[in-house]
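Engineer:
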Amino acid sequence: MPPVGRLHLITDARPGRDALTVVVAALAAGADTIQVRVPDATTDREAYELTREVLRMCRDAGAACLVNDRLHIALALGADGGHVGADDLPVAAARRILGPDAILGATARNPETARRAVADGATYLGVGPAYRTSTKDGLPDPIGVGGVAVVAGAVTVPVIAIGGVTAERAGELTRAGAHGVAVVGAVSEADDPGKAVTELLQAIGESR
Ligand SMILES: Cc1ncc(COP(=O)(O)OP(=O)(O)O)c(N)n1
Ligand SMILES: Cc1ncsc1CCOP(=O)(O)O
Ligand SMILES: [Mg+2]
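Numbering (our numbering), first residue to last: 299 to 506.
This is the structure:
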């Protein structure tokens with residue numbers, strides 16, 4: 299299993315976003331993980347084809363490729379793993395499907411859920427929303443840096459903070475115990491996605 303990366307770029311497949319162009323720029327700037335996340339309305343075939351392209355780019359760049367929700371696509375393509383949350387397969391079922399060597403991320407926002415996810419086989423935890431974000435609807439209130447710190451202190455697996463993360467905020471999250479951060483908008487909405495990745499890497503102490 300590859301190590302859990304510290305800067306996860308999650309694809310932004312909202313209308314008008316060019317996910318692949320952003321992935322190319324992010325990988326060139328040093329993002330170490332790409333998570334393919336598509337809207338629910340996207341067909342499996344479309345998601346498969348996007349993931350196949352992203353996986354090829356990740357392999358060339360030495361980055362990990364994870365698939366959100368649709369673990370069958372990760373398996374079919376031999377991606378590095380997947381990410382599940384409360385509305386997806388339970389973590390233990392996801393682990394059985396992906397096998398022992400895959401990276402498996404699980405969403406948690408409190409210590410109890412976090413410990414259960416780890417016991418059930420999560421390799422890392424996506425913890426948030428750390429801050430308010432408009433990228434995803436229906437999220438609960440942000441847990442803030444303090445909430446991320448509480449979860450990070452409760453588990454031994456890497457915690458990846460998510461939700462409203464920017465280069466200005468990333469450093470306080472890693473200083474609070476997060477191993478890394480996951481972002482959508484901070485990179486995909488940037489005028490220069492590569493520069494945004496460079497600034498995020500600097501903020502988490504991973505500049506090259
Ligand atoms: C790194 C990371 N953390 C959290 C999530 C959110 O997953 P989930 O709660 O299943 O919500 P969706 O992304 O499926 O809408 C994530 N994808 N990645
Ligand atoms: C998928 C997801 N889960 C919690 S917040 C979020 C979206 C994060 O997007 P952004 O980095 O633009 O706030
Ligand atoms: Mg999900």
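We put the CB at the ideal spot given by N, CA and C, even for glycine.
Would you call Leu-318 buried or exposed, if buried means 16 or more other Cβ atoms sit within 10 Å of its Cβ?
Structural biologist: Locating residue 318 in the sequence shown gives position 20, where the first residue counts as 1. That one is exposed.
Engineer: How long is the line joining the alpha carbons of Ala-345 and Thr-472, rounded to whole angstroms?
Structural biologist: Indexing the sequence shown from 1 puts residue 345 at position 47. Indexing the sequence shown from 1 puts residue 472 at position 174. Computed Cα separation, rounded: 31 Å.
Engineer: Any heavy atom of ligand 1 closer than 7 Å to the beta-carbon of Asp-367?
Structural biologist: Within the sequence shown, the letter at position 69 stands for residue 367. Yes, the beta carbon of Asp-367 sits closer than 7 Å to at least one heavy atom of ligand 1.
Engineer: Can you grab the Cα-Cα spacing for the pair Thr-411 / His-381, in whole Å?
Structural biologist: The count along the sequence shown starts at 1 and reaches residue 411 at position 113. The count along the sequence shown starts at 1 and reaches residue 381 at position 83. Computed Cα separation, rounded: 15 Å.
Engineer: Helix, strand or coil: which one does DSSP assign to Ala-404?
Structural biologist: The residue labelled residue 404 in the question sits at position 106 within the sequence shown. It is a strand residue.
Engineer: Identify whether Gly-303 lies in helix, strand or coil by the three-state DSSP scheme.
Structural biologist: The residue given as residue 303 occupies position 5 in the sequence shown. The answer is coil: DSSP assigns Gly-303 none of H, G, I, E or B.
Engineer: Looking at Tyr-429: is its Cβ nearer than 8 Å to the Cβ of Val-302?
Structural biologist: As a working note, residue 429 is residue 131 in the sequence shown. As a working note, residue 302 is residue 4 in the sequence shown. No, they are not a contact pair.
Engineer: Tell whether a beta-carbon distance below 8 Å holds between Asp-418 and Val-389.
Structural biologist: Working through the sequence shown from its first residue, we reach residue 418 at position 120. Working through the sequence shown from its first residue, we reach residue 389 at position 91. Their beta carbons are under 8 Å apart, which means Asp-418 touches Val-389 by this criterion.
Engineer: Classify Ala-501 as buried or exposed, calling it buried when 16 or more other Cβ atoms lie within 10 Å of its own Cβ.
Structural biologist: Mapped onto the sequence shown, residue 501 falls at position 203. Buried, since its Cβ has 16 or more Cβ neighbours within 10 Å.
Engineer: Going by Cα to Cα distance, which pick from Asp-310, Glu-487, Ala-404 and Asp-358 is closest to Asp-367?
Structural biologist: Sequence index remark: in the sequence shown, residue 367 carries index 69 (1-based). Nearest of Asp-310, Glu-487, Ala-404 and Asp-358 to Asp-367, Cα basis: Ala-404.
Engineer: Enumerate, from N- to C-terminal direction, the unbroken alpha helix (DSSP H) stretches of 4 or more residues contained entirely within the stretch 338–378.
Structural biologist: As far as the stretch 338–378 is concerned, its whole alpha helix (DSSP H) runs of at least 4 residues are 342–359 and 369–375.
Engineer: Quick one: any contact between the stretch 313–332 and the stretch 482–489, if contact means 3 or more CB pairs under 8 Å?
Structural biologist: Yes, they touch.
Engineer: Compute the minimum distance between the beta carbon of Gly-383 and the heavy atoms of ligand 3, and state whether it is under 7 Å.
Structural biologist: Numbered from 1 along the sequence shown, position 85 holds the residue referred to as residue 383. Checking the Cβ of Gly-383 against ligand 3 gives yes.
Engineer: Can you tell me which of the three DSSP states Gly-397 falls into?
Structural biologist: As a working mapping, residue 397 is identified with position 99 in the sequence shown. Coil at Gly-397, not helix or strand.
Engineer: Mapping DSSP to helix, strand and coil, what is Ala-323?
Structural biologist: Numbered from its first residue, the sequence shown carries residue 323 at position 25. In the structure shown, Ala-323 sits in a helix (DSSP, three-state: H, G or I).
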